[in-house]
Amino acid sequence: MNQRRWFSGDSHVHFLSTQGAHTESQGEDLNVVNLLQSQWGSLFTNTEDFTGSASIQKNGNNIVYVSQENRQHFMGHMIMWGLKSPVMPWCSDGPSEAEIGGHMETTLAHWADAAHAQGGYVISPHFPNPNGEPAALVATGRLDGVEMLRQTKVNHLEYYRYLNGGYRLPLVGGTDKMSSDVPVGLYRTYAQIPDDQEFTYDNWCKAVVAGRTFLSGGPIMHFSVDGQEVGDTVDISGPGTVEVEAWAESILPIYSLEIMHNGRVVASTQNPNGSRRLEIKTSLKIDDHSWLAARTGALDYYDIIEHHDVWNRGVFAHTSPIYVACGGGWEMYDAATAQYMLTLVEGDLAYIRETAGVRPPASITHHHGESDHRAYLERPFLEAQEAIEGRIRSHRH
4 MNQRRWFSGD SHVHFLSTQG AHTESQGEDL NVVNLLQSQW GSLFTNTEDF TGSASIQKNG
64 NNIVYVSQEN RQHFMGHMIM WGLKSPVMPW CSDGPSEAEI GGHMETTLAH WADAAHAQGG
124 YVISPHFPNP NGEPAALVAT GRLDGVEMLR QTKVNHLEYY RYLNGGYRLP LVGGTDKMSS
184 DVPVGLYRTY AQIPDDQEFT YDNWCKAVVA GRTFLSGGPI MHFSVDGQEV GDTVDISGPG
244 TVEVEAWAES ILPIYSLEIM HNGRVVASTQ NPNGSRRLEI KTSLKIDDHS WLAARTGALD
304 YYDIIEHHDV WNRGVFAHTS PIYVACGGGW EMYDAATAQY MLTLVEGDLA YIRETAGVRP
364 PASITHHHGE SDHRAYLERP FLEAQEAIEG RIRSHRH
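Each residue of the sequence shown is one higher than the one before, starting from 4 at the first, in our numbering.
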């Protein structure tokens, strides 16, 4: 895969040491390990491993970068890659993520801004759960990608919902490894780095942000539309036909290969006995702005072919989209998605105003230095609300 310029990485690993991550990832033929510090109440993990830079093996083909997964029990979790300095606090708003008696000190949006300010990258892990703040992060453009950990219908439909709503979201894979019951890289991200760029950690992350990825729980994939690759936008002057090619290969049997168009299966091939390779070449009619992706797995895609890890994850793979712009710049909108996002944001604001633990102003000084802490917490959600309502207004007929 490296010869084809595809480089593999686990988006989400805990509890290994830096050297342990190097050793295990080399055994699993994995190029990148994102080893994440985090907090569980009074437990802070991998504190001694953070350097603010990549750890690179002598051969240059194996990189470990220690960054963070910051977490809140209601608003959600957030992976930050490529941090140069810590983003504090690691967790907030009480147990089980933060300390007992803890209050809501910050939001995922503020963490995302801090990561981006130092050149880092922001991923929503095990998307969308916990499903508090992800909608606001999507609406305000703070996410560089979303991670899928489970081959369930709800995870897929949530991802497709946002794509149909007009939000470009690269897909990544990772294990959330927390024990030896799962090998590092069992679920992984393949990111394609251009021929004229060397393999470095930053170039790998940039390839993810560009959407040149597929998630693999075993199979490897190829997908193109009119010769354009994953992450590209295909421009057509108006309604017409595009040529689609996809293949999947796997050392473990795969039973179906499907082409998705705006969340619906529009082409497929199957082998009820299982196959090491499946492929599709077909023409598809496109009537409007669209996204296309390929996925492979069981005969009924959502029937899990189990790995033997502790979670019994499924053998499957899924590409990030190729976007098709039909008669102008690419844009999609879905009223139901917009209303869904607005409902989540309104729920977040209600949580901040009515439920979240916030200490009296006279008893605390916050790191942000603002006098009104609730206003600080609400700000990114009001920003998201304005962005979503603006899209709703602009698409009213």
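For glycine and all other residues, C-beta sits at the position ideal for the given N, C-alpha and C.
Please report how far the alpha carbon of Gly105 lies from the alpha carbon of Ile325, in whole angstroms. So the alpha carbons of these two residues sit roughly 43 Å apart.
Coarse secondary structure for Glu349, derived from DSSP in three states: For Glu349, the secondary structure class from DSSP, reduced to helix, strand or coil, is helix.
My output table needs one value for Ala101: the three-state DSSP class, helix, strand or coil. The three-state reading of DSSP puts Ala101 in coil, since its state is none of H, G, I, E or B.
Could you tell me the distance, in whole angstroms, from the CA atom of Val237 to the CA atom of Val228? A straight-line Cα-Cα distance of about 7 Å links Val237 and Val228.
According to the Cβ coordinates, are Gly214 and Gly234 closer than 8 Å? Between Gly214 and Gly234, the C-beta spacing is below 8 Å.
Spatially closest choice to Thr178 from Asp184, Tyr190, Glu261, by CA coordinates: Nearest C-alpha to Thr178: Tyr190.
Own chain, CB closer than 7 Å to Gln200, minus 5 neighbours either side, in chain order: Setting aside the 5 residues that flank it on each side, Gln200 is surrounded in the same chain by Asn206, each with a C-beta closer than 7 Å to its C-beta; the list follows chain order.
In chain order, what residues of the same chain lie with their CB nearer than 6 Å to the CB of Lys87, ignoring the 5 residues before and after it? Around Lys87: Gly55, Gln121.
Return the chain-ordered list of same chain residues with a C-beta closer than 6 Å to the C-beta of Pro242, the five sequence neighbours on each side being excluded. Beyond the five residues adjoining it in sequence on each side, Pro242 comes within less than 6 Å, by CB distance, of Asp290 in the same chain, given in chain order.
Beta strand (DSSP E) runs contained entirely in the stretch 77-164, provided each spans 3 or more residues: Restricting attention to beta strand (DSSP E) runs no shorter than 3 residues, the stretch 77-164 encloses them at 79-84, 124-127, 148-151, ordered along the chain.
Simplified DSSP state of Gln29, which is helix, strand or coil: Helix, per DSSP.
Selected residue, minimal CA-CA separation from Ile254, among Met335, Trp114, Thr322, Gly300: Out of Met335, Trp114, Thr322, Gly300, Gly300 has the C-alpha closest to the C-alpha of Ile254.
Assign Gln22 to one of two classes, buried (16 or more other C-beta atoms within 10 Å of its C-beta) or exposed (fewer than that). Around the Cβ of Gln22, a 10 Å sphere holds fewer than 16 other Cβ atoms; the residue is exposed.
So who's on the other strand from Trp9, going by DSSP bridges? Trp9 is bridged to Gln195.
Does Trp207 come out as helix, strand or coil in the three-state DSSP assignment? Looking at Trp207 - three-state DSSP - the assignment turns out to be helix.
With C-beta atoms as the reference, is Gln71 less than 8 Å away from Pro98? Using a Cβ distance threshold of 8 Å, Gln71 and Pro98 do not count as a contacting pair.
For the candidate residues Phe202, Ile283, Ile391, His119, whose alpha-carbon lies nearest to that of Ala338? Checking every option, the nearest Cα to that of Ala338 belongs to Ile391.
DSSP three-state assignment for Phe384, whether helix, strand or coil: Look at Phe384 here: in three-state DSSP terms it is helix.
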